[in-house]
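Read the structure below first, then the notes.
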Amino acid sequence: MKTIQVDLGERSYDICIHSDMAYLMNQVIKLLKHRRILIVTDHIVDELYGKYLASHFHKEMVEVYRYIMPAGEQSKQLDTVQNIYALLLKEQFDKEDLILAFGGGVVGDTAGFAASTYQRGIGFIQLPTTLLSQVDSSVGGKVGVNCKMVKNAIGSFYQPEMVCIYPQFLKTLDKRQLRNGMAEIVVHSIIASKDLFVYVEKYTESILECDTAVMEYLIEANCRIKRDVVLRDEYDQGTRAILNFGHTIGHAVEACSDYTLLHGEAVSVGIAGAIELAVYLKMLSLDEYERIKNLLVKIGLPLKVKGISVNDIYMKMLNDKKRRKEEFRFVLPHTIGEVSVITYKDKEVLFQILKRLID
Ligand SMILES: NC(=O)c1ccc[n+]([C@@H]2O[C@H](COP(=O)([O-])OP(=O)(O)OC[C@H]3O[C@@H](n4cnc5c(N)ncnc54)[C@H](O)[C@@H]3O)[C@@H](O)[C@H]2O)c1
Numbered sequence: 451m452k453t454i455q456v457d458l459g460e461r462s463y464d465i466c467i468h469s470d471m472a473y474l475m476n477q478v479i480k481l482l483k484h485r486r487i488l489i490v491t492d493h494i495v496d497e498l499y500g501k502y503l504a505s506h507f508h509k510e511m512v513e514v515y516r517y518i519m520p521a522g523e524q525s526k527q528l529d530t531v532q533n534i535y536a537l538l539l540k541e542q543f544d545k546e547d548l549i550l551a552f553g554g555g556v557v558g559d560t561a562g563f564a565a566s567t568y569q570r571g572i573g574f575i576q577l578p579t580t581l582l583s584q585v586d587s588s589v590g591g592k593v594g595v596n597c598k599m600v601k602n603a604i605g606s607f608y609q610p611e612m613v614c615i616y617p618q619f620l621k622t623l624d625k626r627q628l629r630n631g632m633a634e635i636v637v638h639s640i641i642a643s644k645d646l647f648v649y650v651e652k653y654t655e656s657i658l659e660c661d662t663a664v665m666e667y668l669i670e671a672n673c674r675i676k677r678d679v680v681l682r683d684e685y686d687q688g689t690r691a692i693l694n695f696g697h698t699i700g701h702a703v704e705a706c707s708d709y710t711l712l713h714g715e716a717v718s719v720g721i722a723g724a725i726e727l728a729v730y731l732k733m734l735s736l737d738e739y740e741r742i743k744n745l746l747v748k749i750g751l752p753l754k755v756k757g758i759s760v761n762d763i764y765m766k767m768l769n770d771k772k773r774r775k776e777e778f779r780f781v782l783p784h785t786i787g788e789v790s791v792i793t794y795k796d797k798e799v800l801f802q803i804l805k806r807l808i809d
């Protein structure tokens, strides 16, 4: 078992990584003041694990309520949040009760947002089930929903009471979703840890086969990196921006693909663009540039995208809510494990770089 403490004063919590689900469930039960809980999940996770989870709670005499949303990004919206509020009101949940967000990042973000706003905030626990959510989205307290096709347009910062991670959930995740989560792991390694990068290079096959020991190491290392970034800048006012490595172009590519590309796939293309720029600006060596590209390819992530134009990507980048004035904010590596945030606006150079990302 590994426990990582996230020390944020009265908003502190533990990230518990454990291969014994019963142990994790008992940690959850310890936090319940009244023996009842609302599990928010999606229909795929519910089919796979819903009965198993509920039966454990029932055995411990915990009353279980469930809200099951359709799986997928389209459920991450205010209608779903309204449905969760309605259930909470109907069952008279109050500030002493808890919500358990049981699923990937979509469930975590949506249930977390409902928790942050119901009665001005009730507690929630993250029980993430995808690689992306186990290494990234469940930690750090960003919760929210999409609105009018704008990703994460509505949201808040709201830390969970605990994050429980059971790596064996990943055994049922399909390979594309696993690769999707790997993109954020590559991001974390490039912004903060060459050791992690080397580990991923060495154990790529074992990771893609979901070897339990390897996954436990990987989850712990990534949660520590995310935790450290969040501790320095909980409310995303400065240094937390380094988590956006690969995302300046990545977000635009994701939107241009009409979300047919998964987030991690688009970020992978975004990483390819960011390191092109870092080489152009003589920040990154060609050796490391090649090494990063080779790792993305070895994982099975794309470096290029089909069917969209340079101009479409550029226009989407201009519309990104994180853009400052006429300049773009890029996170660029000096070396693997160390990055800087820069602003850049040379349209001609950016067009050249974007051109190289089109298949
Ligand atoms: N809050 C944050 O800091 C943060 C960070 C990164 C991403 N996000 C958000 O996370 C979301 C993406 O999360 P995601 O990639 O986990 O996607 P997701 O939640 O949509 O899950 C992907 C798919 O995997 C299925 N699934 C989940 N667990 C499974 C399991 N164990 N076995 C089999 N199938 C399983 C789901 O039902 C879904 O169909 C996006 O909305 C993104 O904006 C949030």
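Just so we're aligned, residue 451 is where the sequence shown starts under our numbering, counting upward by one. A virtual CB, placed ideally from N, CA and C, is assigned to each residue, including glycine.
Cα separation between residue i and residue j?
i	j	result
threonine 689	lysine 509	45 angstroms
lysine 540	threonine 622	34 angstroms
serine 735	valine 650	20 angstroms
alanine 564	valine 799	43 angstroms
isoleucine 454	phenylalanine 619	19 angstroms
leucine 751	glycine 571	38 angstroms
aspartate 486	glutamate 740	The question names aspartate, but residue 486 in the sequence shown is arginine. Spanning the two alpha carbons is a distance of roughly 53 angstroms.
glycine 696	valine 514	40 angstroms
leucine 658	alanine 671	17 angstroms
serine 759	histidine 468	45 angstroms
threonine 567	alanine 561	10 angstroms
valine 613	leucine 577	6 angstroms
asparagine 769	methionine 733	27 angstroms
glycine 594	phenylalanine 801	32 angstroms
serine 718	glutamate 497	31 angstroms
leucine 528	alanine 603	11 angstroms
histidine 638	serine 707	24 angstroms
isoleucine 465	glutamine 584	10 angstroms
arginine 677	serine 588	11 angstroms
leucine 807	asparagine 694	18 angstroms
valine 680	lysine 526	23 angstroms
valine 789	asparagine 744	19 angstroms
isoleucine 615	lysine 797	43 angstroms
glutamate 684	glycine 590	7 angstroms
leucine 628	tyrosine 794	32 angstroms
alanine 521	lysine 805	34 angstroms
leucine 433	isoleucine 763	Past the edges of the chain, shown from 451 to 809, lies residue 433, and the structure says nothing about it.
glutamine 542	isoleucine 699	45 angstroms
serine 656	aspartate 544	44 angstroms
alanine 728	tyrosine 463	37 angstroms
valine 648	isoleucine 635	12 angstroms
leucine 731	leucine 753	20 angstroms
Let's see if you can read the secondary structure: which residues bound the alpha helix (DSSP H) around residue i?
i	result
asparagine 533	528-540
aspartate 464	Counting along the chain, aspartate 464 falls outside any alpha helix (DSSP H), though it belongs to the beta strand (DSSP E) covering 463-467.
tyrosine 473	471-480
glutamate 798	797-805
lysine 766	760-769
lysine 509	501-509
So the beta strand (DSSP E) residue i belongs to, where does it begin and stop?
i	result
histidine 784	778-785
arginine 486	486-492
threonine 654	Careful: threonine 654 lies outside any beta strand (DSSP E), inside the alpha helix (DSSP H) at 654-658.
tyrosine 445	Because residue 445 is not part of the residues shown, which for the chain are 451 to 809, the question remains open.
glutamate 513	513-519
lysine 452	452-456
glycine 459	Run containing glycine 459: none; DSSP gives neither H nor E here.
valine 593	592-597
Return the Cβ separation of residue i and residue j in integer angstroms, given the expectation that the two are a contact with Cβ distance under 8 angstroms.
i	j	result
threonine 438	phenylalanine 552	Nothing about residue 438 can be read from this structure; the chain reaches only from 451 to 809.
proline 617	threonine 654	The pair is not a contact, with the Cβ atoms about 17 angstroms apart (cut-off 8 angstroms).
isoleucine 749	isoleucine 640	Rounded, the Cβ-Cβ distance is 13 angstroms, inconsistent with contact.
alanine 716	glutamate 726	Actually they do not touch by this definition, with Cβ atoms about 16 angstroms apart.
alanine 642	isoleucine 675	5 angstroms
aspartate 547	histidine 484	6 angstroms
valine 490	tyrosine 517	5 angstroms
leucine 481	isoleucine 549	11 angstroms between Cβ atoms; not a contact.
methionine 632	glycine 714	7 angstroms
Requested in this report: Taking only runs that begin and end inside the segment 672-735, name each unbroken beta strand (DSSP E) of 3 or more residues, in chain order.
Outcome: none
**Report entry** Contiguous beta strand (DSSP E) assignments of at least 3 residues, all confined to the segment 607-637
**Finding:** 612-615
Query raised in the report: Mind pulling the beta strand (DSSP E) runs of 3 or more residues that sit fully within the segment 538-575?
Result: 548-553
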